[in-house]
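Number of protein chains: 8
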Amino acid sequence: MKFKVYLSGEIHSDWREKIQQGVEAKGLNVELHSPVTNHEASDDCGDKILGAESEAFWKDHKAAKINAIRIRKYIAESDIVVVRFGEKYKQWNAAFDAGYAAALGKSIITLHDEALTHALKEVDAAALAVCQTPEQVVEILNYSLNQ
Amino acid sequence: MKFKVYLSGEIHSDWREKIQQGVEAKGLNVELHSPVTNHEASDDCGDKILGAESEAFWKDHKAAKINAIRIRKYIAESDIVVVRFGEKYKQWNAAFDAGYAAALGKSIITLHDEALTHALKEVDAAALAVCQTPEQVVEILNYSLNQ
Amino acid sequence: MKFKVYLSGEIHSDWREKIQQGVEAKGLNVELHSPVTNHEASDDCGDKILGAESEAFWKDHKAAKINAIRIRKYIAESDIVVVRFGEKYKQWNAAFDAGYAAALGKSIITLHDEALTHALKEVDAAALAVCQTPEQVVEILNYSLNQ
Amino acid sequence: MKFKVYLSGEIHSDWREKIQQGVEAKGLNVELHSPVTNHEASDDCGDKILGAESEAFWKDHKAAKINAIRIRKYIAESDIVVVRFGEKYKQWNAAFDAGYAAALGKSIITLHDEALTHALKEVDAAALAVCQTPEQVVEILNYSLNQ
Amino acid sequence: MKFKVYLSGEIHSDWREKIQQGVEAKGLNVELHSPVTNHEASDDCGDKILGAESEAFWKDHKAAKINAIRIRKYIAESDIVVVRFGEKYKQWNAAFDAGYAAALGKSIITLHDEALTHALKEVDAAALAVCQTPEQVVEILNYSLNQ
Amino acid sequence: MKFKVYLSGEIHSDWREKIQQGVEAKGLNVELHSPVTNHEASDDCGDKILGAESEAFWKDHKAAKINAIRIRKYIAESDIVVVRFGEKYKQWNAAFDAGYAAALGKSIITLHDEALTHALKEVDAAALAVCQTPEQVVEILNYSLNQ
Amino acid sequence: MKFKVYLSGEIHSDWREKIQQGVEAKGLNVELHSPVTNHEASDDCGDKILGAESEAFWKDHKAAKINAIRIRKYIAESDIVVVRFGEKYKQWNAAFDAGYAAALGKSIITLHDEALTHALKEVDAAALAVCQTPEQVVEILNYSLNQ
Amino acid sequence: MKFKVYLSGEIHSDWREKIQQGVEAKGLNVELHSPVTNHEASDDCGDKILGAESEAFWKDHKAAKINAIRIRKYIAESDIVVVRFGEKYKQWNAAFDAGYAAALGKSIITLHDEALTHALKEVDAAALAVCQTPEQVVEILNYSLNQ
Numbered sequence: 055m056k057f058k059v060y061l062s063g064e065i066h067s068d069w070r071e072k073i074q075q076g077v078e079a080k081g082l083n084v085e086l087h088s089p090v091t092n093h094e095a096s097d098d099c100g101d102k103i104l105g106a107e108s109e110a111f112w113k114d115h116k117a118a119k120i121n122a123i124r125i126r127k128y129i130a131e132s133d134i135v136v137v138r139f140g141e142k143y144k145q146w147n148a149a150f151d152a153g154y155a156a157a158l159g160k161s162i163i164t165l166h167d168e169a170l171t172h173a174l175k176e177v178d179a180a181a182l183a184v185c186q187t188p189e190q191v192v193e194i195l196n197y198s199l200n201q
Numbered sequence: 055m056k057f058k059v060y061l062s063g064e065i066h067s068d069w070r071e072k073i074q075q076g077v078e079a080k081g082l083n084v085e086l087h088s089p090v091t092n093h094e095a096s097d098d099c100g101d102k103i104l105g106a107e108s109e110a111f112w113k114d115h116k117a118a119k120i121n122a123i124r125i126r127k128y129i130a131e132s133d134i135v136v137v138r139f140g141e142k143y144k145q146w147n148a149a150f151d152a153g154y155a156a157a158l159g160k161s162i163i164t165l166h167d168e169a170l171t172h173a174l175k176e177v178d179a180a181a182l183a184v185c186q187t188p189e190q191v192v193e194i195l196n197y198s199l200n201q
Numbered sequence: 055m056k057f058k059v060y061l062s063g064e065i066h067s068d069w070r071e072k073i074q075q076g077v078e079a080k081g082l083n084v085e086l087h088s089p090v091t092n093h094e095a096s097d098d099c100g101d102k103i104l105g106a107e108s109e110a111f112w113k114d115h116k117a118a119k120i121n122a123i124r125i126r127k128y129i130a131e132s133d134i135v136v137v138r139f140g141e142k143y144k145q146w147n148a149a150f151d152a153g154y155a156a157a158l159g160k161s162i163i164t165l166h167d168e169a170l171t172h173a174l175k176e177v178d179a180a181a182l183a184v185c186q187t188p189e190q191v192v193e194i195l196n197y198s199l200n201q
Numbered sequence: 055m056k057f058k059v060y061l062s063g064e065i066h067s068d069w070r071e072k073i074q075q076g077v078e079a080k081g082l083n084v085e086l087h088s089p090v091t092n093h094e095a096s097d098d099c100g101d102k103i104l105g106a107e108s109e110a111f112w113k114d115h116k117a118a119k120i121n122a123i124r125i126r127k128y129i130a131e132s133d134i135v136v137v138r139f140g141e142k143y144k145q146w147n148a149a150f151d152a153g154y155a156a157a158l159g160k161s162i163i164t165l166h167d168e169a170l171t172h173a174l175k176e177v178d179a180a181a182l183a184v185c186q187t188p189e190q191v192v193e194i195l196n197y198s199l200n201q
Numbered sequence: 055m056k057f058k059v060y061l062s063g064e065i066h067s068d069w070r071e072k073i074q075q076g077v078e079a080k081g082l083n084v085e086l087h088s089p090v091t092n093h094e095a096s097d098d099c100g101d102k103i104l105g106a107e108s109e110a111f112w113k114d115h116k117a118a119k120i121n122a123i124r125i126r127k128y129i130a131e132s133d134i135v136v137v138r139f140g141e142k143y144k145q146w147n148a149a150f151d152a153g154y155a156a157a158l159g160k161s162i163i164t165l166h167d168e169a170l171t172h173a174l175k176e177v178d179a180a181a182l183a184v185c186q187t188p189e190q191v192v193e194i195l196n197y198s199l200n201q
Numbered sequence: 055m056k057f058k059v060y061l062s063g064e065i066h067s068d069w070r071e072k073i074q075q076g077v078e079a080k081g082l083n084v085e086l087h088s089p090v091t092n093h094e095a096s097d098d099c100g101d102k103i104l105g106a107e108s109e110a111f112w113k114d115h116k117a118a119k120i121n122a123i124r125i126r127k128y129i130a131e132s133d134i135v136v137v138r139f140g141e142k143y144k145q146w147n148a149a150f151d152a153g154y155a156a157a158l159g160k161s162i163i164t165l166h167d168e169a170l171t172h173a174l175k176e177v178d179a180a181a182l183a184v185c186q187t188p189e190q191v192v193e194i195l196n197y198s199l200n201q
Numbered sequence: 055m056k057f058k059v060y061l062s063g064e065i066h067s068d069w070r071e072k073i074q075q076g077v078e079a080k081g082l083n084v085e086l087h088s089p090v091t092n093h094e095a096s097d098d099c100g101d102k103i104l105g106a107e108s109e110a111f112w113k114d115h116k117a118a119k120i121n122a123i124r125i126r127k128y129i130a131e132s133d134i135v136v137v138r139f140g141e142k143y144k145q146w147n148a149a150f151d152a153g154y155a156a157a158l159g160k161s162i163i164t165l166h167d168e169a170l171t172h173a174l175k176e177v178d179a180a181a182l183a184v185c186q187t188p189e190q191v192v193e194i195l196n197y198s199l200n201q
Numbered sequence: 055m056k057f058k059v060y061l062s063g064e065i066h067s068d069w070r071e072k073i074q075q076g077v078e079a080k081g082l083n084v085e086l087h088s089p090v091t092n093h094e095a096s097d098d099c100g101d102k103i104l105g106a107e108s109e110a111f112w113k114d115h116k117a118a119k120i121n122a123i124r125i126r127k128y129i130a131e132s133d134i135v136v137v138r139f140g141e142k143y144k145q146w147n148a149a150f151d152a153g154y155a156a157a158l159g160k161s162i163i164t165l166h167d168e169a170l171t172h173a174l175k176e177v178d179a180a181a182l183a184v185c186q187t188p189e190q191v192v193e194i195l196n197y198s199l200n201q
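Chains as they are written, first to last, in our numbering: chain A, 55 to 201; chain B, 55 to 201; chain C, 55 to 201; chain D, 55 to 201; chain E, 55 to 201; chain F, 55 to 201; chain G, 55 to 201; chain H, 55 to 201.
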């Protein structure tokens, strides 16, 4: 049986690539999905496709909704949602995805440094595993599929 | 008909009191609920009730889960979830609540300064109203009930 | 047992009042709810409460979303959704409400003249009763409660 | 991953063909579905298959229900429902489909001229994108799949 | 806590009255609901309220749908659905109600003579109790509430 | 897209074969499923597999539950449930399946002679098509797939 | 707001009374519900109400199903399910209730001695709090309601 | 059509292998899934992958949650959940799985000796078949697929 995994959160480090490489190295039967991780493309998609907005709020609004089409589908079809929080930025969309996934009964794995433990306690409380490295995420996938 | 409203997010300003006062001043048929807003009590409830933990992670974990009992019930029974984001702190639990409420089909109202617009675009995209002041939240409740 | 009834659709005739009068005349245990039926208030609520928009699209967008807070709650809590279509206007929101109510498994009663039969065939196909007068709606409520 | 898209609404213009061509030109992994778009076949299917009705209402009723078998399946299995409104006709079935899809949590894209903005504000408020051309719909599919 | 009980099925014997009397004699906190049990009123409601049909099929169709408004509400709000099958008539509507209630996860109690055991085996297999007398139904309610 | 169709009801005539032949003759993309239609095997499966019961009620009970494993799966995975009622026997299981399918939101097609119209009015009221011949069922499948 | 709490599990100690007393002493707005805790009545209800069975399996089967009517209702209406495991007996019904409640998204509190930690790890993993004394359960209710 | 079957419970006997062999011998279209049945691996997965815990409770907690990722997925995708109880150990996780599966509407088959009948009466009451040997489970799969 195949696991479908959605990788939500931080887009400024290579954690997705590391999970991808680990999954491939072990030959795991895992399908990985991500949001649009090109920051500029993600911010500008509304204006580019549907026409420019004069106000920042509506530019963001249109973009966020178009991005939601992909995100919702991938979360809805996932078995596991991995949510990564980095040191920088607010990353409220990652926490939003985690809450959304939790309400749908998805298995959640969080991925963050120990320094964020206190700030993320509510999100971690809804997770089935709290990882600090992409390798740990891969190990959990490997264990869940092949033990 | 009565509206049940859950007030999620920031605990270091008086926005809940302002909404409460506005609701009372207008005599709105609204039931307001909040999480435990006493920061220390919220952080320590696990250790206090169930026994002290030696590791910070598990102290937080136990506390967050106990707090989830109240939060889940109030969100599940709400018609509207108001989510407040302030300038300080990560407030990932507020974004988590918003995602959770969105997946349950609750009506979401966000409340934050314009400065946070870009960082909150995904949360705002799931909201039915984006407010900047508690008075606007009260106006929406008033309009929805009494117009 | 009480029936909760949501009255969706046309706002330019007195069909809601007639149902209200019929329900009162017969002393039926029925709770009637409606959207905001003041056309101007409904159109302007976004601008008035949250600030004016320069573009018509966003003005409408903000207003429609605020109105959705009330509509969603009332439909979600209704046993019956009565959807009225008049001769004039597109009334796509009424058909939207009907589809929304159908997917939630609500009992739908449509109310329209015979002249609209062909154009409304898909909506009528999802209804448990197709009425031509408010009195017929009242008769169905009376029959369902008191026979 | 493949996107399943249901194309609801107007049957008197070539918007479906344009989306089909755009999807093929870009080689998108998209499965497009439509209702029966042959107007006469759609109107007459009840009488033809199950026997003629003497009254127009019941002829329409039987046809609309048979058509619902296909429509319901396609909407239920879709990731995205595109709803097209043209200048002519009431198109209440399109708005009904939009409401139905909204209650099921489907991603909705509307497609209509700016002139219809005010009349469609409630439907647009439930959409994740409001397009004016079939090309924009194709762009959104392309962006969601391939960015 | 109160039990809401819907009494589906046979309308030509006094089993509903016996359950009602038993519930009152024991002072049980039970709310009993029934479909329209006046056979003629039930058959004619469509024609009477919405206008006469020339074809028997459509007369029945309109009546059955109006009756469904009440039946659906009562089943949806019930904790327990009691389904009574007598010796005579097809009573397919009772079996339909049982299947409908089963899919909604309601507790089902069947009530029928031993002679019908084989014919009702699929319905009984979905029931939590199979009774032969109204007194047994009352005993189960009494036990569930007061033991 | 493929339609999955569950054929519930009468097991003493060749209506299933006729639908099967029609589907094959037209090359329809339809997957047909049925309950165990060998009457004796269906009645005896509990005793045969799990051991003989001394009481008829429990023999029937065990058999009906084992049969439910297959029936539930097929109904749950179906797009369409065709329910056939013949002249003979009570066929309460067919009506039960119809109610069960209705509550799950499946598209229901009934198949019966005109003589049964009045007795089946509640079941027909939940159907999207009421057929008198297997050929009509095939026509509806053909129309829904290929028009 | 009131909390509804279902107390599942062990019937041979006074933990329910202690929670009841604690709730009363603190004047908490809590509604407590339990299964039938009279062991003999619970075991014999099937035979007593519906007639004696000659085989132990069916006697148990009938009793367990009648008891399920009450249990299902109370769990379905609860905000919190407290599941108590004692030293003796298998108590598989308590673990079954916990799994049932978990799938419904109820908040679960387990109550057991430390000695059972390893054997109950899967149940505890689904709980929001793991208590060792009834007083701790009361404290959690008090905290959730009144902090 | 293929049946997906999850095999929950006892890990110290060869019942899973016997079902596997029976399924292969008969060439059944059945997909069998199990939890991690290596006791040590299952107990230690949390410590091994995410780091050692000093307290037994948290070691168990982390392991149980990681194991839940696999268990939840397999139960959610199963048509049938077979739950095996042996003579030894508490096996509360098996009963928890049964309750969880019951609330999701899965078909449950229990597998245990007659000696456990009384202790398992609530679990058996939620099952569609109660087996004493793996061969009986295979027979039911064979019957459900091929009769």
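Think of the CB as a built atom: it goes at the ideal place given N, C-alpha and C, for glycine as much as any other residue.
- When DSSP assignments are scanned along the segment 73-125 of chain C, the uninterrupted stretches of beta strand (DSSP E) that are 3 or more residues long and fall wholly within it turn out to be 84-87.
- Annotation: Cβ neighbours of residue 92 (chain B) in chain G (cutoff 9 Å, chain order): 201.
- In this structure, residue 60 (chain A) keeps its C-beta atom at 7 Å or more from the C-beta atom of residue 123 (chain A).
- C-alpha of residue 95 (chain G) to C-alpha of residue 103 (chain G): approximately 11 Å in a straight line.
- Relative to residue 163 (chain G), the option among G:180, G:117, G:171 and G:65 whose CA is nearest is G:180.
- At a cut-off of 7 Å between beta carbons, residue 172 (chain G) contacts chain H.
- Sequence-ordered contacts of the segment 119-134 of chain G with chain E read 119, 120, 122, 123, 124, 126 and 127 [C-beta pairs closer than 7 Å].
- At a cut-off of 7 Å, the C-beta of residue 73 (chain H) has no neighbouring C-beta in chain A.
- Taking one beta carbon from each stretch, the segment 71-80 of chain A and the segment 142-154 of chain A have fewer than 3 pairs nearer than 8 Å; the two do not touch.
- In the structure shown, the three-state DSSP call for residue 144 (chain D) is coil.
- In this structure, residue 140 (chain G) sits away from residue 116 (chain G), with a CB-CB distance that is not shorter than 7 Å.
- Contact annotation, residue 201 (chain H) with residue 92 (chain F): C-beta distance approximately 6 Å; criterion of less than 8 Å satisfied.
- For residue 58 (chain A), there is no enclosing alpha helix (DSSP H); the enclosing beta strand (DSSP E) covers residues 57-63.
- Rounded to whole angstroms, residue 152 (chain A) and residue 135 (chain A) show a C-alpha spacing of 8 Å.
- Contact between residue 171 (chain F) and residue 110 (chain E) holds: CB atoms are separated by about 6 Å, below the 8 Å threshold.
- Each of E:114, E:119 and E:154 was checked against the Cα of residue 161 (chain C), and the nearest Cα belongs to E:119.
- The beta carbon of residue 155 (chain B) does not come within 7 Å of any beta carbon belonging to chain G, so the residue lies off that interface.
- At a cut-off of 7 Å between beta carbons, residue 194 (chain D) contacts chain A.
- At a Cβ-Cβ threshold of 7 Å, residue 114 (chain A) and residue 175 (chain B) count as neighbours.
- At a beta-carbon threshold of 8 Å, the residues of chain H lying near residue 87 (chain F) are 55, ordered along the chain.
- Residue 83 (chain D) is classed as exposed because its beta carbon has fewer than 16 other beta carbons within 10 Å across all chains shown.
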